[in-house]
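Asker: Residue numbers (the UniProt record's numbering): 1 to 272.
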């Protein structure tokens, strides 16, 4: 069974439709799809994208990205919509409760076939077991009856480093920030949220991509992630960055895990 890992969609359903109609996909009706988060927002077809993925049923695994969590917070009345948000059609849909319920039940990490998928990154102090346990901990917080209250706890940039003794809001916040927002870190593994640029900028003195933090405990685990469109496509032995800026006029990238075959779809529908 082939698995295709897919970078950030952000509501670009036209590119998703074109991907699903690609000859390599159409000739393999039993293949599976792993979507690396940020399914919706900024692109023009968030509602259609979400429904298209849901329709794939068991063929699709989707994890939560920061844009997906933002919409959950808006729906919950925790945050206001931004001018650049494009998920209003979801919030006005007659099935909004079912759509929100489906989305908040998505995990923050997925591990199978020897590969780990997250939206943004994994903290350097976490090994695979710790990563999956903390992802499940946050997942349980988001599917509980107190999910709206728990969702409020995720806002803020502190703490920037993991400590096993963290509890309450600080613990949940650092877990969610790592999985959905992290890009650059200090060499000691402290998260920095000031920049969304590619590594090496003039303001990045002393900072490295999260995956280059020394002694990272998941260095031997193949990790798939998105979130970082300015980084672009990056494939190493144990690292696959697949956000290639579809919503910004770039490409939607899908990679077959078995042989790292790539499909890239040019996005014709730019986000706001």
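For each residue, glycine too, the CB sits at the ideal point set by N, CA and C.
Terminal residues of the continuous beta strand (DSSP E) containing residue 234?
Answerer: 234–236
Asker: Ends of the beta strand (DSSP E) at residue 251?
Answerer: 251–256
Asker: Alpha helix (DSSP H) containing residue 49: first to last residue?
Answerer: 46–55
Asker: Count the CB pairs spanning the segment 224–232 and the segment 178–196 that are closer than 8 Å, and state whether there are at least three.
Answerer: yes
Asker: What residue does the beta strand (DSSP E) around residue 262 start on, and which one ends it?
Answerer: 262–266
Asker: Which of the three DSSP states, helix, strand or coil, is assigned to residue 160?
Answerer: DSSP places residue 160 in coil when its eight states are reduced to three.
Asker: Just tell me which of 40, 198 and 98 has its CA closest to the CA of residue 84.
Answerer: By alpha-carbon distance to residue 84, the top candidate from 40, 198 and 98 is 40.
Asker: Please report the residue range of the alpha helix (DSSP H) in which residue 76 lies.
Answerer: First-last for residue 76: undefined, no H or E at that position.
Asker: At what residue ranges does the segment 143–207 contain a whole run of the beta strand (DSSP E), taking only runs of 3 or more?
Answerer: 184–186
Asker: Roughly how far, in whole angstroms, is the beta-carbon of residue 43 from the beta-carbon of residue 247, given that I think they are within contact range, below 8 Å?
Answerer: The Cβ separation is near 5 Å, so the contact holds.
Asker: Taking just the CA atoms, how far does residue 116 sit from residue 4?
Answerer: Pairing residue 4 with residue 116, the inter-Cα distance amounts to about 13 Å.
Asker: Spatial neighbours of residue 99 within its chain, please: CB distance less than 7 Å, with the 5 preceding and 5 following residues excluded, ordered by chain position.
Answerer: 50, 90 and 93
Asker: Quick one: which unbroken alpha helix (DSSP H) runs of 4-plus residues sit fully inside the segment 84–147? Chain order, please.
Answerer: 88–92, 96–104 and 128–143
Asker: Could you spell out where the alpha helix (DSSP H) holding residue 278 opens and where it closes?
Answerer: Residue 278 is absent from the structure shown; the chain starts at 1 and stops at 272.
Asker: I'd like to check one pair, residue 118 with residue 63: are the Cβ atoms closer than 8 Å?
Answerer: Taking 8 Å as the cut-off, the Cβ atoms of residue 63 and residue 118 count as close.
Asker: Does residue 35 pass the burial test, meaning 16 or more other C-beta atoms within 10 Å, or should it be called exposed?
Answerer: buried
Asker: According to DSSP, simplified to helix, strand and coil, what is residue 24?
Answerer: In the displayed model, residue 24 falls within a helix according to three-state DSSP.
Asker: Look up residue 9 in the DSSP assignment and say whether it is helix, strand or coil.
Answerer: coil
Asker: How about residue 256 and residue 82: are their beta carbons less than 8 Å apart?
Answerer: no
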